Structure formats: structure tokens, C-alpha cells
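The numbering used here puts the sequence shown at residues 373 to 963.
In this text, a Cβ means the ideal position worked out from N, Cα and C, and glycines have one as well.
Because the structure is a prediction, the values reported are computed rather than measured.
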Amino acid sequence: MCSPVVGGRESKASLHYIHRLQRKALHAWISYVHLRQAKRKPQDRYWILWQQRLEEAEDGGLQTQITLVHYRQRQYTWAFYTWWGHSEERKEQKLAERMALLHEERSCLSRAWDHWQWRARQEREKRSASDTLYRHTLLHNTLSQWKDNEHLLQTQQVNEHVEERYSLHQHDFMSQPKWIHSLDLFIHHILLVIDFVIFLTDTCITSSQEDSACVEGDCSPVGSSQEQRAEKHYQHCVQAKVTFRRWRDRSREVVEESTGMEKAKRHHHHSLLCSMFRLWTMYQQQSYKLQHRRREAEQIDLALWHWCWRLSVAEQHRKQERLAQAAQFYRDQLLMEGVAQATHMGSFCTNIALHSQEQPWRRGPHPQPYTDSVAQGAGDRTLNHLAATTCSSSTSKTQSSTTSTPGPSNSEPPPCCSLPPHHSRTGTASAPASGSWVRDSSLLPPNEFTILHQQPESDVEDVLTEEEDGVDPTLAWTRELLNIRLDMQCFQQDRKQLQLEEVLRSWLQTSGSEGETEERNTISQELDERWRSILAGCQVNWQSRSLISTAAQPQDRDWDRPFSADLQSMGLLIITQSTLDDRQDHGVPVV
373 MCSPVVGGRE SKASLHYIHR LQRKALHAWI SYVHLRQAKR KPQDRYWILW
423 QQRLEEAEDG GLQTQITLVH YRQRQYTWAF YTWWGHSEER KEQKLAERMA
473 LLHEERSCLS RAWDHWQWRA RQEREKRSAS DTLYRHTLLH NTLSQWKDNE
523 HLLQTQQVNE HVEERYSLHQ HDFMSQPKWI HSLDLFIHHI LLVIDFVIFL
573 TDTCITSSQE DSACVEGDCS PVGSSQEQRA EKHYQHCVQA KVTFRRWRDR
623 SREVVEESTG MEKAKRHHHH SLLCSMFRLW TMYQQQSYKL QHRRREAEQI
673 DLALWHWCWR LSVAEQHRKQ ERLAQAAQFY RDQLLMEGVA QATHMGSFCT
723 NIALHSQEQP WRRGPHPQPY TDSVAQGAGD RTLNHLAATT CSSSTSKTQS
773 STTSTPGPSN SEPPPCCSLP PHHSRTGTAS APASGSWVRD SSLLPPNEFT
823 ILHQQPESDV EDVLTEEEDG VDPTLAWTRE LLNIRLDMQC FQQDRKQLQL
873 EEVLRSWLQT SGSEGETEER NTISQELDER WRSILAGCQV NWQSRSLIST
923 AAQPQDRDWD RPFSADLQSM GLLIITQSTL DDRQDHGVPV V
């Protein structure tokens with residue numbers, strides 16, 4: 373029962389003993405290492421300490437540079453992906469808008485086509501209905517006209533029959549007294565004939581008697597009486613026959629004339645009816661022709677309106693495409709100009725860095741370690757959108773230059789670079805006075821450690837004199853960089869104005885009509901005057917700033933004047949060359 377407990381206690385004791393032995397061995401090894409390190413020479417210790425500090429400083433500078441590069445890369449990647457996402461969204465939006473426009477155009481065309489087909493179908497139906505109605509109306513009119521004509525013919529025949537009966541009745545009625553009169557005349561003629569016969573008989577008797585009497589006596593009175601009787605016979609018999617014959621001929625002429633007048637009246641009515649029917653048919657034909665012409669004119673007007681509408685829609689689409697192409701060209705031009713400006717400013721930054729690295733060697737063996745970092749920080753503040761490759765190349769160049777030179781290292785953290793001059797001066801002045809190695813920004817060679825311990829007061833005085841001498845160049849550097857930043861802002865504003873001028877000029881050249889030449893010329897003249905005023909203002913600003921900068925520089929410091937003049941000449945050269953190249957590329961006359 374007690375054996376497992378005893379075994380566990382023995383194992384715990386052995387483990388405790390082993391841990392104590394290991395701890396003692398570790399403490400003994402540490403004390404041995406300390407003793408061994410204490411036995412070393414001071415120069416070796418100083419050398420090792422200097423190497424450790426150098427490695428720590430290099431690691432710190434590399435870490436800060438790596439963090440800066442990583443941060444900038446993250447910012448650039450975030451900006452690029454956000455820009456890419458926005459561009460994709462804009463592309464999708466444009467594609468959706470274009471698809472919507474195409475769909476709307478197709479729907480409009482389909483609706484217009486359906487409406488045109490429906491109208492054409494309605495026109496065909498109306499035309500067929502009008503044709504059928506015309507046929508029906510023509511048949512109905514002809515039938516009704518035939519019925520009317522038939523009724524008129526029947527009524528005319530009845531009227532003619534009635535008129536004939538009436539004329540016969542009238543003729544009979546009128547001829548009855550004439551017949552009675554003729555009968556009376558005939559009776560009278562018969563009576564006259566009888567009287568004449570009686571007279572003849574009497575005359576014959578008398579003549580015989582007279583002849584007999586003549587024979588017997590005188591016969592002259594008898595001849596005169598015979599002549600009188602012959603005249604009476606001529607007047608009563610022959611004249612009556614002649615008048616009767618004339619009356620009969622006249623009555624025949626009157627009947628013939630009345631029948632001729634009736635026939636002429638019928639013929640006149642028939643000719644009038646034919647002419648009216650002919651005129652009515654011509655009127656109907658002319659009305660149909662006018663309706664057809666009016667329908668054709670309406671269809672032509674509708675087709676012309678549809679054609680003009682399509683032309684206007686096509687013109688609007690063409691203008692929208694031209695505006696989109698102009699905007700895309702403007703964006704591409706801005707991107708190209710941004711890339712060119714980034715490359716120019718990268719080269720400008722590298723030139724500044726190289727010049728700042730060459731200036732300490734001209735001045736003396738112990739330059740200020742933070743001037744280049746201050747210039748680089750100010751340059752980074754002025755150039756907020758440089759590429760990561762340019763930064764990495766510039767940092768690699770500065771690292772290679774610092775490793776190649778035996779002077780102090782320039783790989784300082786950005787917070788120290790962004791400090792004002794008085795903070796940096798107090799920090800650097802307090803560091804050598806305290807003699808602490810924990811937060812020292814400058815790294816000295818190994819021989820300086822011995823000199824520092826041997827002559828601390830002389831080293832502190834040298835550092836203070838160097839810091840006092842380096843205050844004015846730092847201020848000059850910051851002043852120059854601020855001036856460069858202001859000049860670049862003015863240059864960007866002038867560049868935007870020039871780009872707007874070029875866009876307006878291209879828009880005037882592309883969309884200007886023949887009637888707007890005067891307005892286009894006036895606008896181009898105003899743009900040229902604006903360009904001249906901008907150039908004059910830029911020149912005045914450059915001259916005033918150069919005068920101010922030269923007046924603000926200290927008179928007893930002659931070593932930084934050539935560099936400021938080089939900076940001004942370089943900035944002027946870059947700005948003027950870029951503006952001239954842009955204006956020559958876009959065909960704008962250089963003033």
C-alpha cells in the first residue's frame with residue numbers, strides 16, 4: 373500500500389534535485405561568462421558595444437524603412453484597389469446604362485415598328501373598307517339612279533301618254549268647232565253648189581232665154597251680170613278652198629313643230645343628265661385623288677418626322693460618345709501627366725538627396741545627421757503620391773551612399789525628421805552632455821568611444837558648435853522646400869487651368885458649327901490672353917519668391933546659396949519644360 377507513495381516521493385525528489393543542479397550550473401555559467409567578459413580588454417568591449425549599437429541602429433532604421441515602405445505600399449494598394457473598384461463600378465454602371473439605352477432604343481424601335489405596322493394595317497383595312505364602301509355606294513347610287521330614272525321614265529311615259537291624250541282631247545275639243553265650222557262651210561258649200569247649180573240652171577235657162585232673146589234682141593246687160601256672178605263665185609268658193617287648204621297645212625306644221633319641240637326637250641334633258649353624271653363621276657374621282665394625295669402627304673410628313681427624330685437621336689448618341697471619348701482622353705492624359713510628374717519629382721527628389729549627401733562632404737567631416745532626413749521628410753510631405761518603387765529606389769540609393777561613406781548614417785526614423793529645429797537641437801545637445809547611449813541618434817566610429825571617455829568636455833563643445841552652425845541651413849532648407857511646395861501648388865493650378873483651356877479648345881474645334889466661328893475666335897483669343905496672363909503671373913511669382921528667398925537667406929552663409937539657385941533653376945526648368953511639352957503635344961501655340 374505504501375510503495376506507490378514512496379516511489380512518487382522519490383521521483384519528485386529526484387526531479388527537484390535535477391532542477392536545482394541545472395539552476396546552479398546556469399548561475400555558475402552566467403558568473404563565468406560575466407567574469408570572462410570582465411577580464412576582456414576595454415577596447416574589445418567598446419568595439420563589441422559599438423558593433424551592437426550599430427546593428428541595433430541599422431535594425432531600427434531598416435525596420436522603420438520597411439514599415440514606411442509597407443505602410444505606403446498598403447496605402448497605394450488600398451488606393452489602387454479602391455480606384456479599381458470604383459472604376460469597375462463605373463464600367464458596370466456605364467455598361468448598364470449603355471444596355472439600358474440599347475434596350476430602350478430597341479424597345480422604342482419595336483414600339484415604333486409595331487405602331488407603324490398597326491397604322492399600316494389600319495390604313496389597309498380602311499382602304500379596303502373604303503373600297504368596298506365605294507363599290508357599295510357606287511352600286512347603290514347606280515341602282516338608285518336607275519330606279520329614279522326608271523321611275524322618271526315611267527312617269528315621263530305616263531305624262532307623255534296623258535299629254536298625248538290631253539293633246540288629242542284638246543285637238544278633238546279644238547277641232548270640233550272647226551269641224552262644225554267646216555261642216556257648216558261644207559253645207560254652205562253644198563248649198564252654194566246647189567245654189568250654183570240652181571244658178572247655173574237658172575243662168576243656163578236665162579242664157580238660153582237670153583240667147584233666144586239676143587237672137588231676138590239686144591244682149592249687153594246679160595254679159596255684165598255674168599261677170600258679177602263669176603266674181604261672187606270666186607270669192608265664195610275658190611277663196612274658201614284656198615283658206616281651208618292653208619289652215620290644214622298650218623295645222624300640220626304646228627303639230628310637227630310641237631313634236632319636234634318635245635323631242636328637243638327630251639334630248640336636252642337627256643344631255644343634261646349625262647353631263648351631270650359625267651361631272652359627278654369626275655368630282656368623285658378628283659375627291660379620291662385628293663384624299664390619296666393628302667394621305668400620301670401625311671405619310672411623307674410622318675416618315676420625314678421619324679427620319680429627323682432618328683437623326684436627332686443618332687446625333688445625341690454621337691455627341692455623348694464624343695463627350696465620353698473626350699472625358700476618357702482627358703482622364704488618360706491626366707494619368708499620363710501624373711506618371712510623368714511622379715517620374716520628374718522622383719528624379720528631382722533623388723537629385724535633392726544626392727545634393728544633400730554631397731553638401732556635408734563639402735562643408736566638413738562632421739555634418740548634421742538630420743538635414744537630409746528633414747529635406748526628405750519635407751519632400752515627402754510635398755509629394756504625397758510618389759510610387760513605392762521610386763521610394764524604395766531612393767531609399768536603397770541613400771542606404772548605399774551611407775554605407776559607402778565613412779560618415780554618420782542617414783537612416784533615421786521619420787518622427788525625428790519631422791521635429792522642429794529647436795526640438796532637434798535640444799535633443800542633440802542634451803544627448804552628449806548626459807553621455808547616455810540609449811537614445812543617441814548619431815553613431816560614431818570605435819575610436820570616438822575612447823576619445824569620448826578621455827575628453828568629454830571637448831566633444832560636447834564640438835557637437836554644440838556643430839549644432840549651432842547647422843540651425844541656419846536647416847531653416848534655409850525648410851524655407852526652400854516650402855517655396856518649392858507653393859510653386860508646385862501654383863503649377864498644379866495653372867496646369868488644371870491649361871487642361872481646361874485645352875479641353876474647351878478641343879470642344880470648340882470639334883463641335884463648333886460654321887455660324888459660330890466669330891464666337892469661337894473670341895473665346896480662343898480670351899484663352900490666349902488668359903494663358904499670357906498666367907505665364908506673366910507665374911514669372912512675377914517666381915521672381916518675387918526668388919527675391920524674397922535671396923533676401924531672407926543669411927548674408928554670412930555662402931555655402932547654401934548655390935544650392936538654392938540650383939533648386940530654383942531646376943524647378944523653373946522642369947515646370948517650363950513640362951508646360952511647353954504639353955502645349956506642343958496638344959497643338960497649342962507657345963507664346
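Under the assumption that residue i contacts residue j (Cβ atoms under 8 Å), give the Cβ distance between them as a whole number of angstroms.
i, j, result
"Q861", "I906", "Not confirmed; about 14 Å, so no contact."
"V875", "A698", "7 Å"
"L847", "E873", "Their Cβ separation, rounded to whole angstroms, is 39 Å, which puts L847 and E873 out of contact at 8 Å."
For residue i, count neighbouring Cβ atoms within 10 angstroms of its own Cβ and tell me buried if that reaches 16, exposed if not.
i, result
"N531", "exposed"
"D859", "buried"
"Q497", "First, the amino acid is wrong: residue 497 is Glu here, not Gln. Label assigned to E497: exposed."
"L853", "buried"
"C985", "Residue 985 is absent from the structure shown; the chain starts at 373 and stops at 963."
"Q437", "buried"
"I724", "buried"
"Q465", "exposed"
"W681", "exposed"
"W849", "buried"
"W652", "exposed"
"T903", "It should be pointed out that residue 903 corresponds to Trp in this sequence rather than to Thr. It counts as buried."
"Q864", "exposed"
"Q663", "exposed"
"Q713", "buried"
Within a Cβ cutoff of 6 Å, which residues of the same chain sit near residue i, ignoring the five residues on either side of it in sequence?
i, result
"K384", "none"
"N513", "none"
Have a look at the options and flag the residue whose alpha-carbon is nearest the alpha-carbon of residue i.
i, options, result
"V685", "A410, S459, L481", "L481"
"R667", "R601, L644, R491", "R491"
"Q656", "V626, L510, D431", "L510"
"F649", "T439, W518, H533", "W518"
"A484", "R624, A468, T527, W677", "W677"
"L707", "R638, V610, Q871, R618", "Q871"
"Q528", "E634, E476, W401", "E634"
"Q489", "Q671, F701, L683", "Q671"
"L540", "S597, C609, S630", "S630"
Within a Cβ cutoff of 7 Å, which residues of the same chain sit near residue i, ignoring the five residues on either side of it in sequence?
i, result
"H508", "none"
"Q435", "none"
"R665", "none"
Could you name the residues of the same chain whose beta carbon sits closer than 8 Å to that of residue i, not counting the 5 residues immediately before and after it, in chain order?
i, result
"Q494", "none"
"Q692", "none"
So, is the C-beta of residue i closer than 8 Å to a C-beta in chain B?
i, result
"A699", "Here chain B cannot be found, since the structure has a single protein chain."
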